[in-house]
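**Q** A single structure is presented below for examination.
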Amino acid sequence: MLKDGKIWIANTEDGKNVFLLPKMANRHGLVAGATGTGKTVTLKVLAESFSDMGVPVFLADVKGDLSGMVCEGADSEDMQKRIQKFGLAEAGFKYQKYPATFWDVFGEKGIPLRTTISEMGPLLLARILGLNDLQRDILSIAFKIADDNNLLLIDTKDLKAMLNYISDNNKEFAADYGNISKVSVAAIVRAVVSLEIAGGDKFFFEPALNIRDWFTTGSDGKGTINILDSTSLINNGTLYATFLLWMLSELFETLPEVGDLDKPKMVFFFDEAHLLFADTPKPLMDKIEQVVKLIRSKGVGIYFVTQNPRDIPDGVLAQLGNKIQHALHAYTPADMKAVKAAADSFRENPEFKTEDVIQELGTGEAVCSFLAEDGTPTVCERVKILPPQSKFGGIDDSVREKEIKGSILYSKYYEPEDPDSAYEFLERKGIADAEEAAKLKAEAEAAKAKEKEDAAAAKKKEKEEAAAERKRKQTAKTIGNSVVGTVGREVGKTVGGKFGKFGKTLGGNLGASLGRGILSTLFKS
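Sequential numbering from 8 applies to the sequence shown in our numbering.
Here it is as C-alpha cells:
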C-alpha cells in the first residue's frame, strides 16, 4: 500500500517501515523463493500498490490465484492480527478491489489475446517452433521474401502457405536468397502443425493486441491490472515464455524514450521467469538482455518472479536493482551454493549473516533490498511482507465472466478476424497460375491438333494429287496406246505390204506393239 507517496511493502522486526521508491521502480526487480514461501502475496501487494499510484500492471496468473484482485479482501481473525501488528489501521488500510482486465491466449478465461506471425518475428517464432540454426535461417528468409512481396503473415495458415510456395519455387529464389532446402522447409511446416495442435494457432490471429490498450486506469484513477490467465498456457512453457518476451519487445519498440520518471508508466511481473531463459539461443538471449537494460528508459519496470535467483542469467540479474528474497531451503551441496549466491547478491547487513537468515525465513518473511534515492542498493533487511487488500485466491466463473464481458476491450478483441493475407493471395495466385497453365496447355494441344490436322490434310491432298496424276497418265497412256497403236499398225501395214498379205499383217502388229512400247517408256520417264 502507499504511505507518504512511497510503496510500503514490509516492516522490519522492530517495526520500521520498508519502502520501494516509485522513482526507482523502473529499475526492475526480483521476487524469489521456494514454493509456499509467500511470493504470490508479495506480488499482489506490489501490484496493488502500483495500481493505487495509477500505474497499469501486467501479471501472469500461473496458478489462478491472482484473479481475486477484482474482489475485496475478506476479514478474519488472522488478518486482524496482521493489521494490528503492522499498524495498518492507522495508515488507512482497507479491503478493496482493483480494476482488472482478464486475458487468455486461448480465449477461455479471458479476452482473447492475439498477435500476428509478422509481429512475432522469425527469432521468437523459431524458439516456439524449436528450430535449429539452419531452419531458423530459412524461416528468416521466408519472412524476407514475404516482406519483399508485400505479403502479410497473419496466422499459421499464412506461414504454411508461404513456406510451401517457397519450397515449390526454391530454384527461382536461390539466386537472390541462397539455396533453400525442401527438407528443411518441410521440417518447419511440421513444427507449425505441431504448434497448431497445441492450440498455438489461436494466438496468431487478428485483431492483434495493441499494447497501448494496457495503459489505462479505472474510474477511480487506479491503474488497470491486466491479468493473463496462464493456467493452461504454462503447460507449454516455450509458448508461455516466448509470449512474454514478445510483449517485452512490443513495449520496447512501441514506447518513446522518457528517461527517469517520478513513477513508472507500467510494471510487468513475469512469474515462472526461469522459463524465459531455458534453452534460449544466444541471439535471443542477447536481445532479452538488451531490452531489459534499455526498457527502463521507456518508463517500464520489469519484475521477475522465480524460485531461485540462479534461474536468471547474470547479464539480466545485474539489471535488477530491487530484490525480495523469500526462504530458500538447502538440502544438497548444490542448494547451499544457490543460497550463498542469493545472499551474495545483497549488500551485507552487519547485524546478521544473510546466508543463514535466508534459510530461516518463515512464510511471508523475506530479505529485501531496494534502491535508495541516489540509485545505490540499501543494506538488506529481514522483513515481514504486508497483507494484500484484495481477496486471497481465485474467483468463480460467473464473476470472471462478468468482469470479462464488462471490459471496454471485450468488443474490440473478442471476435477473430481473417483479413486478406498471404494465404489468400497465394491461393488466388495458385488458381490463376493453374488457369494460365491450363490455358497454355489447351493452346499447345490445339496447336498440336491443328498441326496434325494440317499434316493429314496435306498428306491427303498429296495422295489425291498423286492419284489424279496417275489417272491422268493412265488416261493419256490409254489414249496414246490407242492412237500410237493405230498409227503404228498402219505404218507397219504399209511397210509390211511390200511382202504380201502376211507381211502386211505382221508389219501392222509389230508397228502397233513398237508404238505402244515407246509411249510407255515416255510415260515412265
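In this text, a Cβ means the ideal position worked out from N, Cα and C, and glycines have one as well.
The model shown is predicted, which means the values in this text are computed figures rather than measured ones.
Helix, strand or coil for Tyr172, going by three-state DSSP, please let me know.
**A** The answer is helix: DSSP assigns Tyr172 an H, G or I state.
**Q** Would DSSP call Phe311 helix, strand or coil?
**A** Here Phe311 sits in strand by DSSP.
**Q** Going by DSSP, name the residue or residues bridged to Lys107.
**A** The amino acid at residue 107 is misidentified as Lys; the sequence shows Ala. In DSSP, Ala107 forms a bridge with Ile232.
**Q** Where do the ends of the beta strand (DSSP E) carrying Gln332 lie?
**A** Taken as a continuous stretch (DSSP letters only), the beta strand (DSSP E) holding Gln332 covers 329-332.
**Q** Looking only at DSSP bridge pairs, what is Asp432 linked to?
**A** Reading the sequence as shown, one finds Phe at residue 432 and not Asp. For Phe432, which the question treats as bridged, DSSP gives no partner whatsoever.
**Q** CA-CA distance, Ile133 and Ala98?
**A** Residue identity differs from the one stated: residue 133 is Ala in this sequence, not Ile. The straight-line gap from Cα to Cα measures roughly 51 Å.
**Q** Going straight from the alpha carbon of Leu170 to that of Ala149, what length do you get?
**A** Going by the C-alpha atoms only, they are around 7 Å apart.
**Q** Using a Cβ-Cβ cut-off of 6 Å (strictly less than) and excluding sequence neighbours within five positions of Asp162, which residues of its own chain qualify?
**A** Here the set comprises Phe211, Phe212.
**Q** Let me know if Val323 comes out buried or exposed under the rule of 16 or more other beta-carbons within 10 Å of its beta-carbon.
**A** Classification for Val323: buried.
**Q** Tell me whether Gln142 is buried or exposed, calling it buried when 16 or more other Cβ atoms sit within 10 Å of its Cβ.
**A** When all chains shown are included, Gln142 counts as buried.
**Q** Could you check whether Ser428 and Asp11 sit closer than 8 Å to each other, using their CB atoms as the reference points?
**A** Contact flag unset, no.
**Q** Mapping DSSP to helix, strand and coil, what is Gly382?
**A** Correct three-state label for Gly382: coil.
**Q** I want to know whether the segment 389-397 touches the segment 116-131 - three or more CB-CB distances under 8 Å.
**A** No, the segment 389-397 is not in contact with the segment 116-131.
**Q** Could you check where the beta strand (DSSP E) with Val25 kicks off and where it finishes?
**A** Element bounds for Val25: 24-27.
**Q** Keeping to the same chain, check which residues put their C-beta closer than 7 Å to that of Lys467; ignore five residues upstream and five downstream.
**A** Contacts found: none.
**Q** Report all residues from its chain with a CB closer than 8 Å to the CB of Ser256; omit the five preceding and five following residues, and keep chain order.
**A** Correct list, in chain order: Gly128, Leu131, Lys294, Val298.
**Q** Per DSSP, which one or two residues make a beta bridge with Met273?
**A** Looking at the DSSP assignment, Met273 forms a beta bridge with Val307.
**Q** From what residue to what residue does the beta strand (DSSP E) around Ala373 run?
**A** Unbroken beta strand (DSSP E) run through Ala373: 372-376.
**Q** How many angstroms separate the CA atom of Asp269 from the CA atom of Pro29?
**A** So the two alpha carbons sit approximately 6 Å from each other.
**Q** Beta carbon of Val312, beta carbon of Leu50: below 8 Å?
**A** Result yes, Cβ atoms of Val312 and Leu50 sit closer than 8 Å.
**Q** Let me know if Val200 comes out buried or exposed under the rule of 16 or more other beta-carbons within 10 Å of its beta-carbon.
**A** It is exposed - the Cβ of Val200 has fewer than 16 other Cβ atoms within 10 Å.
**Q** Do Met273 and Val307 count as a contact pair if the criterion is CB distance below 8 Å?
**A** In this structure, Met273 lies closer than 8 Å to Val307 by Cβ.
**Q** DSSP state of Phe359, grouped into three classes?
**A** DSSP places Phe359 in coil when its eight states are reduced to three.
**Q** Would the beta-carbon of Val64 fall within 8 Å of that of Gly230?
**A** Yes, Cβ-Cβ distance for Val64 and Gly230 is below 8 Å.
**Q** Check whether the segment 27-45 touches the segment 324-339, taking contact to mean three or more Cβ pairs, one atom from each stretch, closer than 8 Å.
**A** As far as the Cβ criterion goes, the segment 27-45 touches the segment 324-339, which means the pair count is three or higher.
**Q** Please report the distance separating the alpha-carbon of Phe100 from that of Val69.
**A** Distance between the alpha carbons of Phe100 and Val69: 27 Å.
**Q** From the DSSP output, which residues share a beta bridge with Ile118?
**A** Answer is Trp110.
**Q** In chain order, which continuous runs of the beta strand (DSSP E) of length 3 or greater are located wholly inside the segment 39-76?
**A** Qualifying beta strand (DSSP E) stretches, in chain order: 64-68.
**Q** Taking the alpha carbon of Leu301 as the reference point, which residue from Glu279, Gly266, Asp278 has its own alpha carbon closest?
**A** Considering only alpha carbons, the answer is Gly266.
**Q** Per DSSP, what are the beta-bridge partners of Ala17 in this structure?
**A** Per DSSP, Val25, Ile392.
**Q** Would you kindly work out how many angstroms separate the C-alpha atoms of Ile365 and His333, rounded to a whole number?
**A** Going from the Cα of Ile365 to the Cα of His333 covers about 7 Å.
**Q** Can you give the beta carbon distance from Gly244 to Ala198, rounded, assuming they're within the 8 Å contact cut?
**A** That belief does not hold up - the Cβ atoms of Gly244 and Ala198 are roughly 16 Å apart, past 8 Å.
**Q** Relative to the C-alpha of Phe259, which candidate in Ser304, Met8, Asp381, Asn233 has its C-alpha closest?
**A** Of the listed residues, the one whose Cα sits closest to Phe259 is Ser304.
**Q** Pairing CB atoms from the segment 71-91 with CB atoms from the segment 401-410, are three or more of them under 8 Å?
**A** These segments touch.
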